[in-house]
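The next block holds one structure in the form of structure tokens; read it before the comments.
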Amino acid sequence: MGLEKYQGDLAMCHRCSACKFIPMQKVANKEFSYVCPSIARYDFHIYSGGGRLHVAKAALQKGFQYSDRILDMVKNCQMCGACGVSCNYAMDMEVMEPIQEYRIQSVKDGHTVPALDKAVEMMRKGNNMVPGAAAKRGDWAKGLNIKDFTKEKVDVIYHVGCLTSFNKDMWKLAQGTAGLLRKAGVNFGIGGASELCCGGRAYQMGYEEDFLKQAKKNMAQIKKSGAKTLVTGCADGYHAFKVLYDKYNLKGDLEVLHTSEYFARLIKKGKLKPVKKVDLTVTYHDPCRLGRLGEPWIHWEGKKLPGGNFVFDPPKTYRRGTHGVYDPPRDVLKSIPGLKLTEMTRIKEYAWCCGAGGGVNESNPDFAAWTARERIKEASSTGAEAIVTACPWCEKSFKEANSNLKVYDIVELLEKAV
Amino acid sequence: MTFNKDIYKEFEDVVGAENICDDPLIMAAYKDNPFAAVIMPKNTAEVSAIVKLCNKHKIIFRPICTGWTGLFVPGSLLIDLRRMNHIIEINEKNMYAVVEPYVISAELQAETFKRGLHFCVKGAGSNCAAILRGHGHLDETTSGDDRNHLAVEWVSPEGDIVHSGSLGSSGEWFSGDGPGISLRSILTSAVPPGASPGIFTKAAVKLYHWPGPTAYSLQGQSPRYTLKDKPAYMMARYFSFSTVEEMFNAEIKIGESEIALEHMGFNPAMVAGNITTCNEEFFEVFGRMAKQVKGPGFFIIIAGTSAEDFAYKKKVLDKIIADNNGESLKMVEDPEIEGILLIQCTRISASIRETFRSGGTFKSIPIMGQRDLTIKWATGAGEAKMPLIKKGLILDDGGGFFGWGVEQGHLGKTEIFCAFNPTNQEAMDAVNQWREDQKARAVREFYFAETMDNSEEVSKKLCNYLEWWHKIHKALDPNDVSPEAGSLV
Numbered sequence: 002m003g004l005e006k007y008q009g010d011l012a013m014c015h016r017c018s019a020c021k022f023i024p025m026q027k028v029a030n031k032e033f034s035y036v037c038p039s040i041a042r043y044d045f046h047i048y049s050g051g052g053r054l055h056v057a058k059a060a061l062q063k064g065f066q067y068s069d070r071i072l073d074m075v076k077n078c079q080m081c082g083a084c085g086v087s088c089n090y091a092m093d094m095e096v097m098e099p100i101q102e103y104r105i106q107s108v109k110d111g112h113t114v115p116a117l118d119k120a121v122e123m124m125r126k127g128n129n130m131v132p133g134a135a136a137k138r139g140d141w142a143k144g145l146n147i148k149d150f151t152k153e154k155v156d157v158i159y160h161v162g163c164l165t166s167f168n169k170d171m172w173k174l175a176q177g178t179a180g181l182l183r184k185a186g187v188n189f190g191i192g193g194a195s196e197l198c199c200g201g202r203a204y205q206m207g208y209e210e211d212f213l214k215q216a217k218k219n220m221a222q223i224k225k226s227g228a229k230t231l232v233t234g235c236a237d238g239y240h241a242f243k244v245l246y247d248k249y250n251l252k253g254d255l256e257v258l259h260t261s262e263y264f265a266r267l268i269k270k271g272k273l274k275p276v277k278k279v280d281l282t283v284t285y286h287d288p289c290r291l292g293r294l295g296e297p298w299i300h301w302e303g304k305k306l307p308g309g310n311f312v313f314d315p316p317k318t319y320r321r322g323t324h325g326v327y328d329p330p331r332d333v334l335k336s337i338p339g340l341k342l343t344e345m346t347r348i349k350e351y352a353w354c355c356g357a358g359g360g361v362n363e364s365n366p367d368f369a370a371w372t373a374r375e376r377i378k379e380a381s382s383t384g385a386e387a388i389v390t391a392c393p394w395c396e397k398s399f400k401e402a403n404s405n406l407k408v409y410d411i412v413e414l415l416e417k418a419v
Numbered sequence: 005m006t007f008n009k010d011i012y013k014e015f016e017d018v019v020g021a022e023n024i025c026d027d028p029l030i031m032a033a034y035k036d037n038p039f040a041a042v043i044m045p046k047n048t049a050e051v052s053a054i055v056k057l058c059n060k061h062k063i064i065f066r067p068i069c070t071g072w073t074g075l076f077v078p079g080s081l082l083i084d085l086r087r088m089n090h091i092i093e094i095n096e097k098n099m100y101a102v103v104e105p106y107v108i109s110a111e112l113q114a115e116t117f118k119r120g121l122h123f124c125v126k127g128a129g130s131n132c133a134a135i136l137r138g139h140g141h142l143d144e145t146t147s148g149d150d151r152n153h154l155a156v157e158w159v160s161p162e163g164d165i166v167h168s169g170s171l172g173s174s175g176e177w178f179s180g181d182g183p184g185i186s187l188r189s190i191l192t193s194a195v196p197p198g199a200s201p202g203i204f205t206k207a208a209v210k211l212y213h214w215p216g217p218t219a220y221s222l223q224g225q226s227p228r229y230t231l232k233d234k235p236a237y238m239m240a241r242y243f244s245f246s247t248v249e250e251m252f253n254a255e256i257k258i259g260e261s262e263i264a265l266e267h268m269g270f271n272p273a274m275v276a277g278n279i280t281t282c283n284e285e286f287f288e289v290f291g292r293m294a295k296q297v298k299g300p301g302f303f304i305i306i307a308g309t310s311a312e313d314f315a316y317k318k319k320v321l322d323k324i325i326a327d328n329n330g331e332s333l334k335m336v337e338d339p340e341i342e343g344i345l346l347i348q349c350t351r352i353s354a355s356i357r358e359t360f361r362s363g364g365t366f367k368s369i370p371i372m373g374q375r376d377l378t379i380k381w382a383t384g385a386g387e388a389k390m391p392l393i394k395k396g397l398i399l400d401d402g403g404g405f406f407g408w409g410v411e412q413g414h415l416g417k418t419e420i421f422c423a424f425n426p427t428n429q430e431a432m433d434a435v436n437q438w439r440e441d442q443k444a445r446a447v448r449e450f451y452f453a454e455t456m457d458n459s460e461e462v463s464k465k466l467c468n469y470l471e472w473w474h475k476i477h478k479a480l481d482p483n484d485v486s487p488e489a490g491s492l493v
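Residue numbers (the numbering used here), protein chains in the order written: chain P, 2 to 419; chain X, 5 to 493.
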């Protein structure tokens, strides 16, 4: 079982509560000091990162036991990784991995949530995580004459993702991205109706086996195409292809880039030129799986050295959110004439989640909406006219929060400027 | 262990069904103690109602803030105060802040910095409750213990709402001693046996002048935040000395001259813990640092309110250090390292790195007392750590201890701890034995009496204080529902 290898990490938690807040150095006010939506919303300590670790520790010691409250704890977490960043500011211990393993074990033990079962079942049957017939996955591209990477040779695969493909409100993101890639002269292609769900959201929900099947199918398709680069505008997809596929040794040498990284690169090379003025003051929301969870996977196998010091052979490097994708989206925004960027209190590695991750969007929409409203409140406090993000799930969450604040994806603003 | 349905319903009626839980499986999150239930009141009235129910049904209760530590009774009711998290008032004119129990120090500090004020953040870290009584890195200028509690709102062990000090007579929070009843001697909100029974629901925390910026300008990503712009009139240094006597003499002179914003007797391992981002880096830096220091030392922050004030303080510091043959640690003079220490040690997120990271857990002996005596004792306690270090049972910190003066005086805090792997029972046993031995030595050799434990042996030597305390406790808590370890941590 996966949780066992984190036994030493679980023993390291001393209930300091740092996991509930943004790193102490960064606490700038009372209002936006929390980083974990789950503990902020549900209060009982089990909903915090540390509380979850203690429950996992007890499960290892006494065996897995489930109750309504424990299952409520399991499902009401966006798996956003913020607890881990705050803990790992000071501590050397794994936080997110044991929480993920606990979730995986719950699924293996048959303690699932109907709404999540339904979402995963859709993926099993139709290769997508949102309602929609697989055959219609590429409908957003009708008439655009975009290459099909499963049939034609391309340099870059543009993986659109489930939500963008099936939610008509999001089609503009795919169409905008395709337009920008075309303007930059990139030889790219899409999967259209053949595109497969990345499986990342299933993994977040704890369905490890389903995720792996999906990942293997995707990599087979990608390898067959011969393309060396995959670009996606979905943070969940980015995290899946770049981090999770690598974690399970499936990624190979595929270069995975988020659209914000790719567009920042194209702007720098002069292939995209934002010249039109966009008079707007915006604040940028870092999607969890592009930001702190978007940093590369670190492969490590080793053991603790004997003695009283918590050190390992070989030395262990922890993923602390340090190397997430923070600058490229900001660079894109800063390249747009007339646009002013103002920052929120909680940004980058300690950004507040939009609410949609970890299956919360499906299993507890109220909690997802509450989390999004908290973020909107923070965005509004900056005086910005709009909140900009780089993930369709974040955009959906913010739009559903019923705020007066405008909501954009970074692609939409870049498209206006180019 | 759970309450019967009727009793549970009575508690539920106070806070609502969503704020009480008796699922035994969630207790793992609360130090694995089999509490009968966890309840989360939202205000003082609810706390009072809960405590009255505890008296009615003879149920032991235990309140917590962030819940870092404490003593817990199986089968008791855990009153988790995390919904009481409001800053009620920051009174700039009279220099106090009124807070509820779950306001953490980092939150209050961020708000007070904006107003040119700060307060005593306890050594447990800014992740802990601002209301907590105790000591911290900034004691030299922000005092410690119960001096920092002004008026207090307290729910007595029987459930009465009591307002102490000025709050009791005028509704104002400016004083803990009056006009109105003074309960300062029994309302300590500390750790046993000095902890008051009952529950603090609001307290006025004393504020002090803050000479630093309204907010630090930071750069970089976690875990390495550095100062973008070092405040012009702030400086951090570490000085080491050839002997304990020279170090202590310099410490006293610095206190008397009132030049330090922070004066903290870190040992090199603690400095290394603060400036490094992982254990491997820590051991490498500590190894280098240990070779560069002359002997015992301390960390100091000087902060001026003007160029002249800053220059004066630096000049005085230079003289004191020179007079006592002190030597500045070059590593800390590096502007980046200096900046890290400035932010670490004033925003006090330092404690977790210092204590937990490299070993896993720790056990300490903290003492308030006359610094020259307690330093002598701590030197011996440090030597007694060496066999444990050699056996690989505890973290190799060179046998270091730490401490600092309080209120620029000879009174101060001294502490020594052993960090070790919490899964290593042999280490745990050895550290427990070390603690017992060193506490016994402190009494035997007339250094101090350790007052963190309910020690009858120590009490007998000190006017039977425990007997008196038990009598006070019995008068306050006739139903014995609020153990002496029952107050906030």
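The C-beta atom is built at its ideal place from N, Cα and C for all residues, glycine as well. Here the structure is a predicted model, which is why all the values come from computation and not from measurement.
* Cβ-based burial, P115 (chain P) [other Cβ within 10 Å; buried from 16] -> Counting Cβ neighbours within 10 Å, P115 (chain P) comes out exposed, since fewer than 16 surround it.
* From which residue to which residue does the beta strand (DSSP E) around S368 (chain X) run? -> T365 to Q374
* To do: Name the residue from X:W177, X:C58 and X:V18 whose alpha carbon lies nearest to the alpha carbon of K503 (chain X).
  => An answer regarding residue 503 (chain X) cannot be provided, because it is not within the stretch 5 to 493 covered by chain X.
* Asked: Over what stretch of residues does the beta strand (DSSP E) that includes E157 (chain X) continue unbroken?
  -> H153 to V159
* Per DSSP, what kind of secondary structure is G198 (chain X) in: helix, strand or coil? -> A caution first: G198 (chain X) carries a pLDDT of 49, below 50, which makes its placement in the model unreliable, though a value can still be read off. Residue state, collapsed to three classes: coil.
* **Euclidean distance between Cα positions of L57 (chain X) and C25 (chain X)** => Between L57 (chain X) and C25 (chain X), the alpha-carbon positions lie close to 16 Å from each other.
* Could you tell me which chain P residues have their CB closer than 7 Å to the CB of G79 (chain X), listed as they occur along the chain? => The premise fails here: G79 (chain X) is roughly 18 Å from chain P at the closest Cβ pair, so nothing lies under 7 Å.
* Would you be able to state if there are at least three C-beta pairs under 8 Å between the region 134-148 of chain X and the region 161-171 of chain X? => With the cut-off at 8 Å, the region 161-171 of chain X and the region 134-148 of chain X do not touch.
* Buried or exposed: V435 (chain X), going by 16 or more other Cβ atoms within 10 Å of its Cβ? -> buried
* According to DSSP, is G360 (chain P) helix, strand or coil? -> Looking at G360 (chain P) - three-state DSSP - the assignment turns out to be coil, as it is neither helix nor strand.
* C-alpha gap between L197 (chain P) and Q215 (chain P), whole angstroms -> Their backbone Cα atoms lie some 8 Å apart in a straight line.
* To do: Work out the CA separation of K118 (chain X) and T218 (chain X) for me, nearest whole Å.
  => Cα to Cα, the separation comes out at about 4 Å.
* Cβ separation of P338 (chain P) and A418 (chain P), assumed to be a contact under 8 Å, to the nearest whole Å -> 7 Å
* To do: Could you list which residues in chain P have their beta carbon closer than 7 Å to that of N131 (chain X), in chain order?
  => C17, S18, A19, F22 and M25
* Just mark W214 (chain X) as buried or exposed, buried being the case when its beta carbon has 16 or more other beta carbons within 10 Å. => buried
* To do: Whole angstroms is fine: what's the gap from P196 (chain X)'s alpha carbon to D484 (chain X)'s?
  => Unreliable positioning characterises P196 (chain X) in this predicted model, as indicated by a pLDDT of 41, which lies under 50. A coordinate reading is not provided.
* Once you ignore the five residues that flank R292 (chain X) on each side, which residues in its own chain have a CB closer than 6 Å to its CB? -> none
* L399 (chain X): buried (16+ other C-beta within 10 angstroms of its C-beta) or exposed? -> buried
* Asked: Is Y48 (chain P) helix, strand or coil when you go by DSSP?
  -> helix
* C349 (chain X) (DSSP reduced to helix, strand or coil) -> helix
* To do: Kindly list, in the order they appear in chain A, the residues whose Cβ is closer than 9 Å to that of S68 (chain P).
  => In the displayed structure, chain A is absent; the protein chains listed are P and X.
* Asked: Could you give the distance in angstroms between the alpha-carbon of E342 (chain X) and the alpha-carbon of E413 (chain P)?
  -> 44 Å
* In angstroms with no decimal places, state the Cα-to-Cα distance between N468 (chain X) and K478 (chain X). => 16 Å
* Beta-carbon contacts of C354 (chain P) that lie in its chain and below 8 Å, excluding the five residues immediately before and after -> P38, Q79, C81, A83, C289, T372 and R376
* To do: Out of X:W158, X:M44 and X:Y229, point me to the one whose CA is closest to E340 (chain X)'s CA.
  => X:Y229
* **S147 (chain X) - containing alpha helix (DSSP H), residue span** => First-last for S147 (chain X): undefined, no H or E at that position.
* Asked: D367 (chain P) lies in the alpha helix (DSSP H); which residues open and close that run?
  -> P366 to S382
* To do: Quick one: residues in its chain with C-beta nearer than 7 Å to the C-beta of S486 (chain X), no 5 flanking neighbours on either side, listed in chain order?
  => Answer for S486 (chain X): F65, P161, P201 and G202, listed in chain order.
* Out of X:S226, X:W158 and X:G184, point me to the one whose CA is closest to F499 (chain X)'s CA. => Nothing can be reported for residue 499 (chain X): it is not among the residues displayed for chain X, which extend from 5 to 493.
* Between the C-alpha atoms of T230 (chain P) and L255 (chain P), what's the straight-line distance to the nearest angstrom? -> Roughly 6 Å separates the two Cα atoms.
* **Assigned secondary structure, G490 (chain X) (DSSP; H/G/I helix, E/B strand, else coil)** => The pLDDT assigned to G490 (chain X) is 43, lower than 50, so where the model puts this residue is not dependable, and the model offers no usable value.
* Quick one: residues in its chain with C-beta nearer than 7 Å to the C-beta of N310 (chain P), no 5 flanking neighbours on either side, listed in chain order? => none
* Which term fits P105 (chain X), buried or exposed, when burial requires 16 or more other beta carbons within 10 angstroms of its beta carbon? -> buried
* Asked: Under the rule that 16 or more other beta-carbon atoms within 10 Å means buried, what is F450 (chain X), buried or exposed?
  -> exposed
* **Within 7 Å of chain X by C-beta, residues of the region 78-97 of chain P in sequence order** => V86, N89, Y90, A91, M92 and D93
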